[in-house]
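Numbering (our numbering), first residue to last: 421 to 568.
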């Protein structure tokens, strides 16, 4: 594996590590909140309980972590695929690596905004920015794969 290919794996591993941080944060807030809701009689865990019933018993700030974790299972999957394509090609350069790390950085900031304040206009702007970075990386990968 080329040096570039190895370097290109860094952002992939980095975003996956960040996802694990969010997962841990989700558990650290959600489990105690669930216990408190049960003790307060707000919910009784049942097999037929809907997601809406469960979420309605938890504070919004607790739900934000779970929502963000779910977000990290959506668009970042495209990032993982494209970053692996670029790494596999082994023909990328600092621009590709910079785009990959920029995507990770914007997603981390998006997560922090989502989990701490959930300011929707800010989150949306960060989502659009991450989408633009991902689009640029994808176009560069497409040019490398299909030629231009």
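Glycine is no exception: its CB is placed at the ideal position from the N, C-alpha and C atoms.
Going by Cα to Cα distance, which pick from the options is closest to residue i?
i, options, result
"residue 424", "564, 508, 550, 562", "508"
"residue 519", "454, 561, 449", "561"
"residue 462", "449, 471, 478", "478"
"residue 475", "525, 556, 449", "449"
"residue 451", "426, 496, 482", "482"
"residue 523", "426, 485, 434, 422", "434"
"residue 550", "565, 496, 432", "496"
"residue 422", "511, 432, 464", "511"
"residue 430", "454, 517, 555", "517"
Check this for me: beta carbons of residue i and residue j, under 7 Å apart or not?
i, j, result
"residue 438", "residue 529", "no"
"residue 443", "residue 489", "yes"
"residue 505", "residue 428", "no"
"residue 502", "residue 440", "no"
"residue 445", "residue 485", "yes"
Short of 7 Å in beta carbon distance, which residues of its chain neighbour residue i, apart from the five on each side in sequence? Order them along the chain.
i, result
"residue 567", "none"
"residue 553", "519, 522, 523, 526"
"residue 467", "none"
"residue 457", "463, 477, 478"
Which residues in the same chain have their Cβ closer than 8 Å to the Cβ of residue i, if we skip the five residues on either side of it in sequence?
i, result
"residue 539", "533"
"residue 480", "538"
(request) Mind the definition here: the stretch 544–553 touches the stretch 519–534 only if three or more C-beta pairs lie below 8 Å; say whether that holds. (result) yes
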